Every structure is written in C-alpha cells, then in structure tokens.
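Right, one structure below, let's go through it.
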Ligand SMILES: *Cc1c(COP(=O)(O)O)cnc(C)c1O
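Residue numbers (the numbering used here): -10 to 216.
This is how it looks when you write it as structure tokens:
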C-alpha cells in the first residue's frame, strides 16, 4: 500500500471510531479530502484509491485542476475558500458544491452565473469567531442569508459550514454551529449538511454532528510551499 493509501485508511479508521463513540453511523459522514497547494497528480492518485470528494479553497487552483482532471468525471469538487464575487462564474463552472457562501451578494453572483439547468449545492458559512474579518456570516445573521439563498432557483441550500476558531475548544464552537445548523433546518428540512472538522478537530466535529469533514494534511501529507 502507498503512503497515501495508508494515511487515507488510517484517517477513515479514526472517523469510524469517532462515529462509533458518538453513537453515529459512519455511513452518514462524507470525508472530503482537501488538496489545496498539491498538484493535480495527487488528486489523480487519490481518485485511483477511491476518493471521490475533494476540496479546494482558491478559484484559480480549482479551475486549473478541474481542467486537468476533466477525464475523472465522477470526482465531486467542493469549493471551501473565501470567494470574491467576480470569481463566482469561474467557481460555479468548476465546483459541485460551494461551502463558503457568506453574503447575499455572493449568492446572487453564483445564481447569475448559472449557464444551464444544473443546480449548485451551497452552504452558508458561519463565522464562529468574534472577528468580523474572518470568513462567514455571524450566527445571528445566518437565517436571513439562508432565506436569501432559498429564494435563488439555481442554488440548492444544503446546510452550514464553519472553521473552528483557534482560541476556543472546538467542541464548544461546534456546539454553537450545531445550533445554527438546526435553525437552518427548520427553514429547509433538506438543508442537513454540517461541514466541519479538519485534520486537528474532526473527532470533535463528528461528536458535534458534522456530516461533511474537510481533511487535508493528515491525508495528503504536508502542503508544499505556497510559493
Ligand atoms: C485547508 C482547509 C482545510 C483542511 O485543513 P487541514 O488542517 O489540512 O486538514 C479545511 N477547511 C478549510 C476551509 C481549509 O481552508
């Protein structure tokens, strides 16, 4: 087995253990492999060992990799980074899901960029810190943003996404995210994704109810220099 395959299966075992401990079915948890800063060849290697869900956080990298890997048509690309409105069309062209919708204007831009009947899955990103400069909408404004998304016919609201703050126990931050997720689900029962948990905190995220984990370095190895 390659190092990559060994790391992947080690993480999948930890996910299964954490799910068992939380009394959850691991089958309801989707593991997205975050491949940012790694070459497209790594995504191809991941695909060869069964990975189908991958995540990128920069539009240019997403566009370049999806072009290079166009033959792998069963890959699902999750865009998880901060998005500028003027990149919305390029993101929409390449992504199957956008986890980082944090304002009405971005939702509008993604909607306007629809080129065919395809519906784009979107999540509302929640800012769990007190710093308004971080990505995401404040928890108190999440329902209004979700309502806005629900009014855009080319977008499908799937749930919420967040990154745990650096200065707080992930368990308490994810508990707050779960409350926001529950409030959004009352607006739209099918919006039941909770995208949370990275290399350092996916066990806590599973305990808190995460349905989509975004795991990078524990699977891919250290990221190459950003340059
Ligand atoms: C990079 C990134 C991840 C993955 O981080 P790791 O610590 O490498 O697992 C998850 N979510 C977002 C939004 C990211 O930018």
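Note that CB positions come from ideal geometry on N, CA and C, so glycine has one too.
Given the structure is predicted, the values throughout are model-derived calculations rather than measurements.
Is it true that the CB of residue j sits closer than 8 Å to the CB of residue i?
i, j, result
"residue 21", "residue -6", "no"
"residue 147", "residue 197", "no"
"residue 117", "residue 82", "no"
"residue 89", "residue 70", "yes"
"residue 102", "residue 72", "no"
"residue 190", "residue 135", "no"
"residue 55", "residue 209", "no"
"residue 172", "residue 18", "no"
"residue 195", "residue 8", "yes"
"residue 0", "residue 15", "no"
"residue 36", "residue 64", "yes"
"residue 99", "residue 139", "no"
"residue 213", "residue 67", "no"
Is residue i close to ligand 1? I mean its beta-carbon at under 7 Å from any heavy atom of the ligand.
i, result
"residue 69", "yes"
"residue 187", "yes"
"residue 203", "yes"
"residue 46", "yes"
"residue 152", "yes"
"residue 206", "yes"
"residue 3", "no"
"residue 23", "yes"
Quick one: is residue i buried, meaning 16 or more other Cβ sit within 10 Å of its Cβ, or exposed?
i, result
"residue 45", "buried"
"residue 75", "exposed"
"residue 113", "buried"
"residue 159", "buried"
"residue 91", "buried"
"residue 43", "buried"
"residue 108", "exposed"
"residue 193", "buried"
"residue 216", "Any reading at residue 216 must be qualified, since the residue scores a pLDDT of 47, below 50, and its modelled position is unreliable; no value is offered."
"residue 122", "exposed"
"residue 184", "buried"
Let me see if you follow: with CB-CB separation under 8 Å, is residue i close to chain E or not?
i, result
"residue 26", "No chain E is part of this structure, which consists of one protein chain only."
Which residues does DSSP pair with residue i in a beta bridge?
i, result
"residue 90", "113"
"residue 67", "44 and 86"
"residue 23", "44"
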